[in-house]
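Numbering (this note's numbering), first residue to last: 3 to 170.
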């Protein structure tokens, strides 16, 4: 699991801030998928948005590819293993890797997710910065990487996003 719901592999819902558990979707990336992403597509069809599964359970599963995610070097060695009923094992991104991937998107909802986890004391912004810098992806070069660095620096410097230094 590589989407925001992967946080549930590390923390129970009762200790997470509400913003970290709001998503109705669970992004699943089959590790053994083919180049055409056949397994991801099958997931979308069977349990995706607007499927009978979604109607019955109130959430859906989106099949995605690890190739499209912003993942830091070494992420696969840090996955959190979750034993599920029936003897299967689910793999969830480690929380700092998850947040680094979210920041790579540089989307407001993803920043809100990360902000909630940092302010709840569940994510170390310094370690998160290290993980973010370990993402080797051309899509992150330039302004996007600078924006994320600025976002993270606000926590390391003791400010939170939106606070301004007193210029009086």
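Heads up, the beta-carbon is just placed ideally off N, CA and C, and yes, glycines get one too.
Subject >> Sheet register partners of residue 62 (DSSP bridge) >> reply: As a beta-bridge residue in DSSP terms, residue 62 pairs with 27.
Subject >> Nearest-angstrom Cα separation, counted from residue 28 out to residue 3 >> reply: Roughly 7 angstroms between the two C-alpha positions.
**OP:** May I ask which residues mark the beginning and end of the alpha helix (DSSP H) holding residue 100?
**Re:** It spans 97 to 107 - the alpha helix (DSSP H) in which residue 100 sits, taken as one unbroken run.
Original post:
Can you tell which of 122, 13 and 77 has its C-alpha closest to the C-alpha of residue 68?
Top reply: For the residues 122, 13 and 77, the minimum Cα distance to residue 68 belongs to 77.
Original post:
If you drop the 5 nearest sequence neighbours on each side, which residues of the same chain put their C-beta closer than 7 angstroms to that of residue 46?
Top reply: A distance below 7 angstroms between beta-carbons, with the five flanking residues on each side excluded, links residue 46 to the following residues of its chain, in chain order: 64 and 65.
**OP:** Report the three-state DSSP secondary structure of residue 130 (helix, strand or coil).
**Re:** In the structure shown, residue 130 adopts helical secondary structure according to DSSP, grouped into three states.
**OP:** Have a look at 141, 115 and 106 and flag the residue whose alpha-carbon is nearest the alpha-carbon of residue 131.
**Re:** Each of 141, 115 and 106 was checked against the Cα of residue 131, and the nearest Cα belongs to 106.
Subject >> Residues near residue 11 in its chain [Cβ-Cβ closer than 6 angstroms; skip 5 each side] >> reply: Excluding positions up to five away in sequence, the list reads 82, 84 and 94.
**OP:** Check each candidate in 33, 71, 44 and 153 and name the one with the smallest Cα separation from residue 116.
**Re:** When each option's Cα is compared against that of residue 116, the closest is 153.
Subject >> Pick from 123, 147 and 159 that is closest to residue 72, judged by C-alpha positions >> reply: Closest option to residue 72, Cα to Cα, is 147.
Original post:
Between the C-alpha atoms of residue 101 and residue 54, what's the straight-line distance to the nearest angstrom?
Top reply: A straight line joining the alpha-carbon of residue 101 with that of residue 54 spans about 31 angstroms.
Subject >> Residue range of the unbroken beta strand (DSSP E) whose run includes residue 70 >> reply: Careful: residue 70 lies outside any beta strand (DSSP E) and carries neither H nor E.
Subject >> Straight-line Cα distance separating residue 34 from residue 109 >> reply: When rounded, the distance between both Cα atoms is 28 angstroms.
Subject >> Unbroken beta strand (DSSP E) run spanning residue 83, endpoints >> reply: Following the DSSP letters along the chain, one finds residue 83 inside the beta strand (DSSP E) bounded by residues 82 to 85.
Original post:
At what residues does the alpha helix (DSSP H) containing residue 124 begin and finish?
Top reply: Premise fails: residue 124 is in no alpha helix (DSSP H) and is neither H nor E.
Original post:
Is it right to say residue 111 is buried, meaning 16 or more other beta carbons lie within 10 angstroms of its own, or is it exposed?
Top reply: Under a 10 Å Cβ-count criterion, residue 111 is classified as exposed, with fewer than 16 other Cβ atoms of the shown protein chains found around its own Cβ.
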